[in-house]
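Take a look at the structure below.
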Amino acid sequence: MTAIEAAGLRYEYPDGTVGLDDVDVTVDRGERVALLGPNGAGKSTLLGVLGGLLDPDAGTRRYFGAAVPPEEVRDRVSVLTQDPSEYLFNPTVREDMEYGPAQLDLPPAVVDDRVARLADRLGLKGLLDRPPFCLSGGQQRRAALASALTVDPDVLLLDEPVSNVDAANRAAVLRLLAEWHDDGVTTVVSTPDTELVPHVADRVYLLDGDGTVAAVGPTREVLTDRDLLASCDLAVPQVVELFDRAGADRVPLTVDEAVDALDPAGLTADSPDATAGSPDAPADDRDDGDTAAGPPDATTDGWD
Ligand code: ADP
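If you read the sequence shown in the numbering used here, its first letter stands for residue -12, the second for the next number, and so on.
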């Protein structure tokens, strides 16, 4: 079943700038999709149109299989824009987090529980009673994310959710997204960062600089296509670059995948340079003829 189906989307800003031109997007229930593209490609515009914040000049949108206006699915589709102030307008972070559920008339105990759980996961426990405008930019982004999540949406549309967020909290946000995905929540994340995509998406819509979709495909396919990414002013992730240049058959997308792919025994034994280049290697071992298989021994045991 589809979560969102959009076809022929066009959006033009009042000054005549075309944000989107003839864009089709389909997101299935439970899917993790990335909208990837360079700055100005139309990612935020597309996210806004899909999430019902912007009305397209042309095209259709369907939610959960029905041609209903986005207002009717407001409680099921949550959008987090890049501007935290759109979510933080109450005297305290806690009240901002309670705002969405309050609109849905949820029992206070449920709301309290959600606020406590999200505050804990997003490192906001000590900030709940602070005025949002007194928070740092990264803290505000986390508070805004928490406010978008307290309604417990079926679909989450996130515009660059970890930009301007430090490493520890980036990890926390990614963990939370993974947990929500495990719970069946559909996520659409926009980003210009090819390093982030493998962590948040199984399928990618690649937008070029003209507000059109340059390619759609599985994350691995898009992120290993150097020429395609370069045509959109993007580069392959660093791990892909490394393994590609090293001539690997199967290229990992993330450090974790690379660690799995790196068999230390295979590395030392497979690498002719590991022994041939070593002044300490016995003459026989410098002939790399047959050293590819088998565990490393004392003469072939390292990079040095
Ligand atoms: P991205 O999110 O990929 O960086 P945007 O969706 O923000 O791209 O922008 C797409 C295009 O629309 C860009 O050319 C941008 O300059 C333009 N644009 C964005 N917001 C506005 C606006 N408020 N008024 C006019 N043009 C805009």
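Note that CB positions come from ideal geometry on N, CA and C, so glycine has one too.
Can you round the beta-carbon distance between residue 188 and residue 20 to whole angstroms, since I take them to be within the 8 angstroms contact cut? 6 angstroms
Return yes when the Cβ of residue 24 is within less than 8 angstroms of the Cβ of residue 212, no when it is not. no
Roughly how many whole angstroms lie between the Cα atoms of residue 65 and residue 215? 31 angstroms
Leaving out the 5 sequence neighbours to the left and right, which residues in its chain are closer than 6 angstroms to residue 201 when beta-carbon positions are compared? 193, 195 and 219
Measure the alpha-carbon distance for residue 175 versus residue 139 and round it to whole angstroms. 15 angstroms
According to DSSP, is residue 209 helix, strand or coil? helix
Let me check you understand the geometry: is the CB of residue 39 closer than 7 angstroms to at least one non-hydrogen atom of ligand 1? no
Using C-beta distances below 6 angstroms, list every residue in its chain close to residue 198, excluding the 5 sequence neighbours before and after it, in chain order. 5, 6, 7, 8 and 29
Cα-Cα, which of 183, 27, 87 and -11 is closest to residue 48? -11
Contact between the region 160 to 174 and the region 87 to 94: three or more CB pairs below 8 angstroms? no
For the putative contact between residue 130 and residue 111, defined by C-beta atoms under 8 angstroms, what is the C-beta separation to the nearest angstrom? 6 angstroms
What does the alpha-carbon distance come out to for the pair residue 15 and residue -6? 14 angstroms
Between which two residues does the alpha helix (DSSP H) harbouring residue 246 extend? 242 to 248
Below 8 angstroms on the Cβ atoms is my guess for residue 69 versus residue 31; work out the distance and round it to an integer in Å. 7 angstroms
Residue environment, residue 83, which counts as buried when at least 16 other CB atoms sit within 10 Å: buried
Where does residue 177 sit, in a helix, a strand or coil, going by DSSP? strand
For residue 293, which residues does DSSP report across the bridge? This structure cannot settle anything about residue 293, because the visible part of the chain is limited to -12 through 291.
Figure out for me which residue from 33, 136, 81 and 75 has the closest Cα to the Cα of residue 114. 81
Classify residue 261 as helix, strand or coil using the three-state DSSP reduction. Because the pLDDT of residue 261 is 40, which lies under 50, any placement of that residue in the model is unreliable, and the number read from its coordinates should be weighed accordingly. Three-state DSSP puts residue 261 in a helix.
Residue 32 Cβ short of 7 angstroms to ligand 1 heavy atom set: yes
Given a cut-off of 8 angstroms, decide if residue 105 and residue 136 are closer than it, judged by their beta-carbon atoms. yes
By alpha-carbon positions, which one of 37, 232 and 90 ends up nearest to residue 177? 37
Own chain partners of residue 141 with C-beta closer than 6 angstroms, once the 5 adjacent residues on each side are dropped: 63
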